[in-house]
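In this note's numbering, the protein residues as written are 90 to 421. A virtual CB, placed ideally from N, CA and C, is assigned to each residue, including glycine.
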Amino acid sequence: MQNLLTDIPGVRVGHAHDAALASGVTAILFDQPAAAAIDIRGGGPGVREDALLDPANTVERVDGIALSGGSAFGLEAASGIQAWLAEQGRGFAVRDALIPIVPGAIVFDLLNGGNKAWGRYAPYRELGYAAAAAASTTFALGSVGAGLGATTANLQGGLGSASATTTGGIKVAAIVVVNAVGSVTVGDGPWFWAAPYEIDGEFGGRGLPAAFTTDMLAMRIKGGPAASASENTTISLVVTDATLTKAQAKRLAMMAQTGMARAIYPVHLPLDGDIVFAAATCTRPIEPLVELSELGMVAANVLARAIARGVYHARPLPFAGALPSWQGRFGS
Numbered sequence: 090m091q092n093l094l095t096d097i098p099g100v101r102v103g104h105a106h107d108a109a110l111a112s113g114v115t116a117i118l119f120d121q122p123a124a125a126a127i128d129i130r131g132g133g134p135g136v137r138e139d140a141l142l143d144p145a146n147t148v149e150r151v152d153g154i155a156l157s158g159g160s161a162f163g164l165e166a167a168s169g170i171q172a173w174l175a176e177q178g179r180g181f182a183v184r185d186a187l188i189p190i191v192p193g194a195i196v197f198d199l200l201n202g203g204n205k206a207w208g209r210y211a212p213y214r215e216l217g218y219a220a221a222a223a224a225s226t227t228f229a230l231g232s233v234g235a236g237l238g239a240t241t242a243n244l245q246g247g248l249g250s251a252s253a254t255t256t257g258g259i260k261v262a263a264i265v266v267v268n269a270v271g272s273v274t275v276g277d278g279p280w281f282w283a284a285p286y287e288i289d290g291e292f293g294g295r296g297l298p299a300a301f302t303t304d305m306l307a308m309r310i311k312g313g314p315a316a317s318a319s320e321n322t323t324i325s326l327v328v329t330d331a332t333l334t335k336a337q338a339k340r341l342a343m344m345a346q347t348g349m350a351r352a353i354y355p356v357h358l359p360l361d362g363d364i365v366f367a368a369a370t371c372t373r374p375i376e377p378l379v380e381l382s383e384l385g386m387v388a389a390n391v392l393a394r395a396i397a398r399g400v401y402h403a404r405p406l407p408f409a410g411a412l413p414s415w416q417g418r419f420g421s
């Protein structure tokens, strides 16, 4: 286990980003179509193909997921991933036509200091294609891909991932772009809200403070009173090797949302666009009550850890007024 999303067999991840743009794309590809669903809790989401993921609708499986910066411009990243998949002969068959199914979600990173003067067409379609072409079973964390330009209330955000196995041997893993309106750390200190779920010092091993002060529990949000819905979002995907229906994948996404509440304070605000995709590669049978409940419990823990790891591995942007990174402020 690498403690990455790609610990689920048949899943690959690729990044593409532009340092001058201070933005990028992360592509998640499935070697075989995966059952998928979505749960949206934030008040300002930006999503592609979310209606398709409703359990009542026809298409059961997806070929990939796009996570992108760029706000609404970044929704084109999924088209680039779709183009790469089409070249590989992948897609939902309608007689002789093949249509790659690639839902996606975006974060707002247009005000982070990068050069967004891209002219008539935004670069996210091409970044999506490059991310898909780069997909592998290993990938970097922190300031990469869709996480390059991410921020939180007080520290640089980033891309994180983590994985775990249930007592019954079912694998579950998460990938997340942390661009939250709230904070991933407690007050002004080095402690992560997700500390109780940390494994093997994966985000510094600092634990929690001995006591919580009023100041630690005060609301700290990006932009303070001037924060706007378009500036924030945490977008994520949890994947399991369990055999799930689309409706069960929806329940998994709903249960995994608890991980955001364990790792970000405050969360699911009108100013956020918090999204969890859930996907299942369907290679291991699962009992639909107790085992699915345990899978959701572990998925929430894994997502909380992935959020902390995204901030822990982030690096500051090289622009005036950029937020500090966790590493820069507190060391390793």
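| Asked | Found |
| --- | --- |
| May I ask you to verify whether the stretch 206–219 touches the stretch 152–169, counting CB pairs closer than 8 Å and requiring at least 3? | yes |
| To the nearest angstrom, how far is the alpha carbon of A194 from that of S252? | 21 Å |
| Alpha carbon to alpha carbon, how far is L164 from R79? Give it in angstroms, no decimals. | There is simply no residue 79 to check, as the chain begins at 90 and stops at 421 in what is shown. |
| Any chance the stretch 365–378 sits against the stretch 411–419, with 3 or more Cβ pairs inside 8 Å? | no |
| Measure the alpha-carbon distance for C371 versus P189 and round it to whole angstroms. | 19 Å |
| Beta-carbon within less than 6 Å of E383's beta-carbon, same chain only, minus the 5 sequence neighbours each way: which residues are those? | T255 |
| Drop a sphere of 10 angstroms on the beta-carbon of Q245, count the other beta-carbons inside from all chains shown, and report buried for 16 or more, exposed for fewer. | buried |
| Starting from K260, follow the beta strand (DSSP E) in both directions and report where the run begins and ends. | 260–268 |
| Once the 5 residues before and after A239 are set aside, which same chain residues still bring their CB inside 7 Å of it? | V196, D198, G246, G247, V266, V267, N268 |
| In three-state terms, what does DSSP make of L358? | coil |
| Three or more C-beta pairs under 8 Å: does that hold for the stretch 271–286 against the stretch 389–401? | yes |
| Considering only the beta carbon of each residue, do A73 and A338 sit closer than 8 Å? | For the chain, the structure presents residues 90 to 421; residue 73 sits outside this window and is missing. |
| Specify the secondary structure class of A350 as computed by DSSP and reduced to three states. | helix |
| Enumerate in chain order the residues of its own chain whose CB-to-CB distance from A331 is below 7 Å, with the five nearest sequence positions on each side excluded. | I259, A369, R373, I375, L384 |
| Going by Cα to Cα distance, which pick from A105, S225, T115 is closest to G99? | S225 |
| To the nearest angstrom, how far is the alpha carbon of S319 from that of L200? | Low confidence applies here, because S319 scores a pLDDT of 43, under 50, leaving its location unreliable; read the following figure in that light. Using only the alpha carbons, I get a separation of about 10 Å. |
| Could you give the residue range of the beta strand (DSSP E) that holds L248? | 247–254 |
| Tell me whether R137 sits in a helix, a strand or coil according to DSSP, three-state version. | strand |
| For V148, does the three-state DSSP call read helix, strand or coil? | coil |
| Flag this pair as yes or no: are the beta carbons of V328 and A262 separated by less than 8 Å? | yes |
| Which stretch, first to last residue, makes up the alpha helix (DSSP H) that contains I170? | 166–176 |
| Taking A235 as the reference, give the member of A389, T95, V114, G417 with the closest Cα. | V114 |
| Evaluate G296 with the Cβ neighbour count: other Cβ atoms within 10 Å of its Cβ, from every protein chain shown; 16 or more gives buried, anything less gives exposed. | exposed |
| Short check: CB of A307 to CB of R351, under 8 Å? | no |
| Kindly indicate which three-state DSSP category R394 falls into: helix, strand or coil? | helix |
| Would DSSP call P122 helix, strand or coil? | strand |
| Should N321 be labelled buried (16 or more other beta-carbon atoms within 10 Å of its own) or exposed? | buried |
| With burial defined as no fewer than 16 other Cβ atoms inside 10 Å of the residue's Cβ, what is the status of P359: buried or exposed? | exposed |
| Please list the terminal residues of the continuous beta strand (DSSP E) segment that includes R373. | 364–373 |
| Where does G417 land, buried or exposed, given buried means 16+ other C-beta within 10 angstroms? | exposed |
| Could you tell me the distance, in whole angstroms, from the CA atom of Q157 to the CA atom of G420? | Looking at the sequence provided, one finds Ser at residue 157 rather than Gln. Whole-angstrom Cα-Cα distance: 28 Å. |
| Would you report the Cα separation of F162 and D128, rounded to the nearest angstrom? | 22 Å |
| Could you name the residues that DSSP lists as bridge partners for R101? | L118 |
| Using a threshold of 8 Å, state whether the C-beta atoms of F292 and H104 are closer than that. | no |
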